[in-house]
Structure formats: C-alpha cells, structure tokens
Amino acid sequence: MNSFTEAFVTKFSEIFPDCSIELNYDLAAHTTMRVGGKAAVAVFPKKDGELCSAIDICTELGLKHAVLGHGSNVVCSDSGYDGVIIRTEKMSDISVCGNEIVACSGASLNALARAALNAGLTGAEFMYGIPGSVGGACYMNAGAYGGQLSDVAVTVTAYDSTKKEIVEYNASECGFGYRQSIFHGNDTLTVLSCTIRLSPGEADAVSAKMDELINSRKEKQPLEYPSAGSFFKRCEGYFTAKLIDDCGLKGARVGGAMISEKHAGFLINYDNATCADIMALADKVKLAVKERFGVDIEREVEYLE
0 MNSFTEAFVT KFSEIFPDCS IELNYDLAAH TTMRVGGKAA VAVFPKKDGE LCSAIDICTE
60 LGLKHAVLGH GSNVVCSDSG YDGVIIRTEK MSDISVCGNE IVACSGASLN ALARAALNAG
120 LTGAEFMYGI PGSVGGACYM NAGAYGGQLS DVAVTVTAYD STKKEIVEYN ASECGFGYRQ
180 SIFHGNDTLT VLSCTIRLSP GEADAVSAKM DELINSRKEK QPLEYPSAGS FFKRCEGYFT
240 AKLIDDCGLK GARVGGAMIS EKHAGFLINY DNATCADIMA LADKVKLAVK ERFGVDIERE
300 VEYLE
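The sequence shown begins at 0 in numbering that gives the first Met the number 0 and counts up one residue at a time.
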C-alpha cells in the first residue's frame with residue numbers, strides 16, 4: 000500500500016468499522032479467468048451508502064477504483080491494481096412485488112432467475128447460467144440465448160459520483176444496445192440496483208427452459224476451464240466464433256492460454272495462464288481474423304490494470 004491507499008483504509012474504516020476490507024487482494028483467485036496480480040485494497044460494501052462513500056473517498060484522495068461484481072467478464076493485469084477494488088457481492092438482496100423484481104447490483108443472475116422461477120414468473124430464463132451480477136448485466140446489457148437485460152429492465156438505480164446523488168433511470172434512458180449502456184465505461188455512474196418486469200408463467204415450463212439452457216451451455220461451452228465467457232463481441236453479419244474457427248485457431252495456444260476446442264469464442268486458462276498469455280492470444284486471434292476476412296473483431300471482456 001502507498002500513503003493514499005493507507006489513507007483510504009483509515010478514513011473508510013472510521014466511518015464504517017463493520018465493513019470488510021482486505022489488503023493485497025488476490026485478483027486471480029476472485030475472477031473467473033483466474034489471472035491477475037494483487038489489488039492494493041478491496042472493500043466489500045453491504046449497503047448503498049458504504050459503496051457511495053468508498054467511491055467518494057477514492058475521488059477525494061485521487062485514488063483509482065474499480066467496481067467488480069462476480070469478476071466474470073474481466074481480465075486483470077499480472078501487475079495487479081494500484082487502487083481500490085469495490086466488490087458488490089454482499090449487496091445481493093432480491094425482492095419480488097407482483098410481476099416486478101428488484102435486485103441489488105451484487106445479486107447473481109442465477110439467483111435472479113431462480114427468484115423469478117419461485118415467484119411463478121417467466122422472462123428471466125435467459126439469465127440462468129450467465130456467471131455475472133446484476134450490476135455487470137446493467138453495465139453491458141448482458142444477454143444470451145435470444146434474451147438480454149434490456150428486454151425486461153424497467154429502471155436502473157445508480158450513484159452519480161459527480162452530483163453525489165443516487166439517480167433512478169428509466170430503461171429508455173439507459174442507452175441499452177448490444178453490450179452497451181450509459182454505464183459502460185462511465186466512471187461517474189455506478190449501478191446500485193435494477194428493477195425488471197416479467198410475466199406470469201407456469202413453474203414447470205420455466206424450470207424446463209432453465210434446464211434446457213444450462214444443458215446447452217454444458218454441451219457447447221468449455222465450463223470445465225477458467226474463462227471470462229465469450230471473449231469477443233458479435234460482429235454484424237458474422238458469427239465471431241465461426242470466423243475464429245475458420246482461421247484454424249481452435250486449440251491455438253500462447254503459454255497457458257488456449258482457444259477452446261469446444262467453442263472458438265472462448266479463450267480459456269488451460270494451464271496456469273498469465274494475463275499476458277491471454278491478451279497475446281487475443282491479439283493473435285484479432286490479427287488472424289483481420290488478415291483472412293478483413294473483419295475487425297472487438298474484445299467483449301474488460302481489461303483491468
């Protein structure tokens with residue numbers, strides 16, 4: 000830790016003595032790709048006020064910060080992160096009111112899908128098996144199997160650190176697009192919760208659909224290896240995984256990183272990969288696709304350094 004991170008720990012602990020703080024936080028152990036160095040500090044807020052204050056203190060001290068949910072769509076630098084990681088995993092409350100469900104940013108999408116099932120609601124099945132959080136889903140308009148968050152979102156509540164106030168956005172104001180929103184890449188807006196609206200459904204049919212989707216994931220995706228999910232965005236007019244496959248890159252390796260032989264859209268940590276291995280392999284893929292097809296593919300996964 001440097002003097003700034005020490006000052007953060009001191010000030011935050013004085014205000015919130017019961018909030019967990021961890022020093023030298025192992026990013027590899029807490030992200031699904033299982034790569035990365037140590038973060039100077041990690042804090043685990045349980046309430047909106049704790050998260051907002053953590054951001055404010057970082058801003059006051061000139062410390063960089065990053066908000067992580069379940070660490071499922073991110074690759075962390077081998078050199079670690081010289082700032083404050085704000086983990087939302089303890090902000091996981093979910094409440095049902097009629098056809099609407101309010102989920103805090105740290106709630107898992109699996110838990111949200113199960114809450115919908117238990118409430119006899121349909122429309123959230125596509126979330127089941129996405130290894131991320133509600134906050135992350137709002138950030139990137141997460142989706143799978145023909146569904147995406149924007150299909151069901153009603154409002155998103157976020158902290159605006161510039162105004163120092165909590166703001167509620169209607170879904171129409173969130174700028175949702177393919178893996179895009181007003182929160183994406185915007186350090187001044189941090190998602191706190193999301194309200195979704197679903198429809199009444201038969202529990203057996205909802206459960207069967209969820210089972211179908213999870214079985215499809217197991218069949219088609221390399222779930223037995225650490226990964227960050229689909230590494231590249233979909234290209235308009237193309238299936239990105241097919242472009243990679245047609246370049247003959249299934250099974251290609253750089254160090255311990257490999258293009259999955261099961262699904263070419265997945266870069267996996269095959270054998271104790273480093274972040275440098277992962278990123279070098281990603282660059283190799285992008286170059287090969289560009290040279291063969293003239294198509295620029297973009298990384299979907301966030302890079303934290």
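Built from N, CA and C at the ideal position, the CB exists for glycine as well. Here the structure is a predicted model, which is why all the values come from computation and not from measurement.
Opening and closing residue of the alpha helix (DSSP H) in which MET257 lies: Within the sequence shown, numbered from 1, the residue matching residue 257 stands at position 258. Not the alpha helix (DSSP H): MET257 falls in the beta strand (DSSP E), residues 256-258.
Residues that DSSP places opposite TYR302 in a beta bridge: As a first step, residue 302 must be located in the sequence shown, where it is residue number 303. TYR302 is bridged to VAL74.
Separation of ALA281 from ILE243, as counted between CA atoms: Taking the first residue of the sequence shown as position 1, residue 243 is located at position 244. Taking the first residue of the sequence shown as position 1, residue 281 is located at position 282. Cα to Cα, ILE243 sits roughly 11 Å from ALA281.
Chain-order list of residues whose beta-carbon lies under 8 Å from that of THR161 (same chain, five-residue window excluded): One-based indexing of the sequence shown puts residue 161 at position 162. Excluding sequence neighbours, THR161 sits near THR187.
DSSP state of ALA205 mapped onto helix, strand, coil: Here the question's residue 205 lines up with position 206 in the sequence shown. Just to set this straight, residue 205 is Val in the shown sequence, not Ala. Note: VAL205 maps to helix in three-state DSSP.
The segment 199-211 / the segment 247-258 touching (three or more Cβ pairs under 8 Å): no
From PHE3, LEU116, ARG113, ILE100, residue whose alpha carbon lies closest to that of LEU62: In the sequence shown, residue 62 corresponds to position 63, counting from 1. Ranking the options by Cα distance to LEU62, first place goes to PHE3.
Three-state class that DSSP yields for ALA6 in the structure shown: On the sequence shown, residue 6 is found 7 positions in, with the first residue counted as 1. The answer is helix: DSSP assigns ALA6 an H, G or I state.
Contact belief for VAL153 with ILE195 at Cβ below 8 Å, rounded distance in angstroms: Taking the first residue of the sequence shown as position 1, residue 153 is located at position 154. Taking the first residue of the sequence shown as position 1, residue 195 is located at position 196. Indeed they touch by this definition, with Cβ atoms about 6 Å apart.
Spatial distance of SER107 from GLY70 (CA atoms): For the purposes of this step, residue 107 is identified with residue 108 of the sequence shown, where counting begins at 1. For the purposes of this step, residue 70 is identified with residue 71 of the sequence shown, where counting begins at 1. Going by the C-alpha atoms only, they are around 11 Å apart.
Burial state of MET278, where buried means 16 or more other Cβ atoms lie within 10 Å: Residue 278 sits at position 279 when you count from the first residue of the sequence shown. With 16 or more other Cβ atoms within 10 Å, it is buried.
Inter-residue spacing [alpha-carbon to alpha-carbon] between ALA53 and ILE85: One-based indexing of the sequence shown puts residue 53 at position 54. One-based indexing of the sequence shown puts residue 85 at position 86. Roughly 8 Å between the two C-alpha positions.
7 Å Cβ shell around GLY254 - same chain, five flanking residues per side excluded: Here the question's residue 254 lines up with position 255 in the sequence shown. Excluding residues within five positions, the ones whose Cβ falls inside 7 Å are ALA272, THR273, ASP276.
Rounded straight-line distance, which links the Cα of ALA65 to that of ALA136: For the purposes of this step, residue 136 is identified with residue 137 of the sequence shown, where counting begins at 1. For the purposes of this step, residue 65 is identified with residue 66 of the sequence shown, where counting begins at 1. Using only the alpha carbons, I get a separation of about 16 Å.
Buried versus exposed, by CB contacts within 10 Å (16 or more), GLY36: The sequence position of residue 36 within the sequence shown is 37, counting from 1. Classification of GLY36: buried, given that the 10 Å Cβ count is 16 or more.
Residues sharing a beta bridge with TYR237, DSSP: Here residue 237 corresponds to residue number 238 of the sequence shown, with the count starting at 1. Paired residues: none, contrary to the question.
Inter-residue CB distance, THR31 and SER226 (contact presumed, cutoff 8 Å): The sequence position of residue 31 within the sequence shown is 32, counting from 1. The sequence position of residue 226 within the sequence shown is 227, counting from 1. Yes, they are in contact, since the Cβ atoms of THR31 and SER226 sit about 7 Å apart, within 8 Å.
Cross-strand partners of PRO199 (DSSP beta bridge): As a first step, residue 199 must be located in the sequence shown, where it is residue number 200. DSSP lists LEU120 as partners of PRO199.
Distance CB(GLU299)-CB(ARG216) smaller than 8 Å: Your numbering for residue 299 matches position 300 in the sequence shown. Your numbering for residue 216 matches position 217 in the sequence shown. The answer is no: Cβ separation not under 8 Å.
Beta-bridge pairing of GLN147 - partner residues as DSSP gives them: Residue 147 sits at position 148 when you count from the first residue of the sequence shown. According to DSSP, which records beta bridges pairwise, GLN147 is partnered with GLY142.
Bridge partner(s) assigned by DSSP for THR194: Against the sequence shown, residue 194 aligns to sequence position 195. Answer is VAL101, THR154, bridged to THR194.
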